[in-house]
Amino acid sequence: MSLFDLSGKTAVVTGASGGLGQAMAIGLAEAGAQVVAVSSSESVQTVEAIRALGCKAELIAADLSKEEILEDVVKQAAGFYGGIDILVNNAGIIRRNPAADHSRQDWHDVIDLNLNSAFFLCQLAGRHMIERGSGKIINIASMLTYQGGINVPGYTASKHAIAGITKALANEWASKGVQINAIAPGYMTTNNTAPILKDEKRTQSITERIPAGRWGSPDDLKGPVVFLASSASDYMNGHVLCVDGGWMAR
Ligand code: NAD
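In terms of this note's numbering, the sequence shown opens at residue 50 and continues consecutively.
What follows is the structure, given as structure tokens:
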């Protein structure tokens, strides 16, 4: 199990107040990491859950769509435990509106957080990791990294681009000891998918298409994120790992 041991490692998880980010933050702590949970809200639930496990955790409340604060966020995150070993770029939003009616505001809001902030956080943490000669970055992609989706053009564009930057940065940073990969979750029950889950017919048609026969739960990402954050995945670079109950195999 030592391949998966994260003892002494510091993991920064964005969008950690709930949903997938919360589960991944707890999973990383369970594997031994100390966690810096970054979220737009002041919610201390994740940090408290991690501390209740006897692990260390700190909270940074920050609106990551504001480019100008990102450098300070990374500095503050690195300051807690003397550096950053793992960055999970998970914070993300979705705006649902038909493409013909998709407002510029919706487009920019989604791209600013899901893509621009993810790239700049990769860059800021990446510089720090290159200097240290090691680090792990895990970006959160989507099934809409591969497919077009319906009524979510900005989200689809952002998640296709997440695969692009993951590969682009892997090409430059693999030789510097920094592994950057992505996880593409399938349909998982969180706030992000709550509007779909209210539509019984759509939910059923999605469930029927999932070979595993069920939607994913946030806890389904614990194993994959620990794997990509640990030395078990040291020879993985620029990979997008689908955790989707088989959706992409269909
Ligand atoms: P969620 O809405 O439950 O969680 C989103 C998180 O992002 C929250 O912690 C929220 O506080 C944070 N956040 C939102 N705006 C922010 C901002 N401006 N600054 C900082 N933090 C902000 O949704 P989720 O499903 O847990 O989504 C997490 C990630 O997983 C997203 O990138 C999403 O696109 C991706 N994803 C989700 C699914 C799914 O089925 N739920 C599938 C594929 C990918």
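Ideal Cβ placement from N, Cα and C applies to all residues, glycine included.
Taking the CB atoms as reference points, tell me whether A174 and V123 lie closer together than 8 Å.
yes
What residue from M73, E79 and I109 has the CA that sits closest to S90's CA?
Nearest Cα to S90 within the set M73, E79 and I109: I109.
With a threshold of 6 Å on Cβ separation, who are the neighbours of C104 within its own chain once the five nearest residues in sequence on each side are excluded?
A78
Closer than 8 Å is the cut-off here; do at least three beta carbon pairs connect the region 176–195 with the region 133–150?
The region 176–195 makes contact with the region 133–150, as at least three CB pairs between them are under 8 Å.
Is the CB-CB distance between I229 and L270 below 8 Å?
no
Does the pairing of the region 161–171 with the region 199–212 give three or more beta-carbon distances under 8 Å?
yes
Give me the DSSP bridge partner(s) of T59.
Q83, per the DSSP bridge assignment.
Tell me whether K271 sits in a helix, a strand or coil according to DSSP, three-state version.
helix
Within 7 Å: the Cβ of M237 and any heavy atom of the ligand NAD?
yes
Run through DSSP, which three-state label would K291 get?
Looking at the sequence shown, residue 291 is not Lys but Cys. DSSP, reduced to helix, strand and coil, places C291 within a strand of the structure shown.
N188 by DSSP, collapsed to three states: which one?
strand
When you compare each of G76, V85, F276 and A65 to D268 by their alpha carbons, which one comes out closest?
Taking only the C-alpha atoms, the option nearest D268 is G76.
Near A82, what residues of its chain come up, given a Cβ to Cβ distance below 6 Å and the 5 sequence neighbours on each side ignored?
L55, K58 and A60
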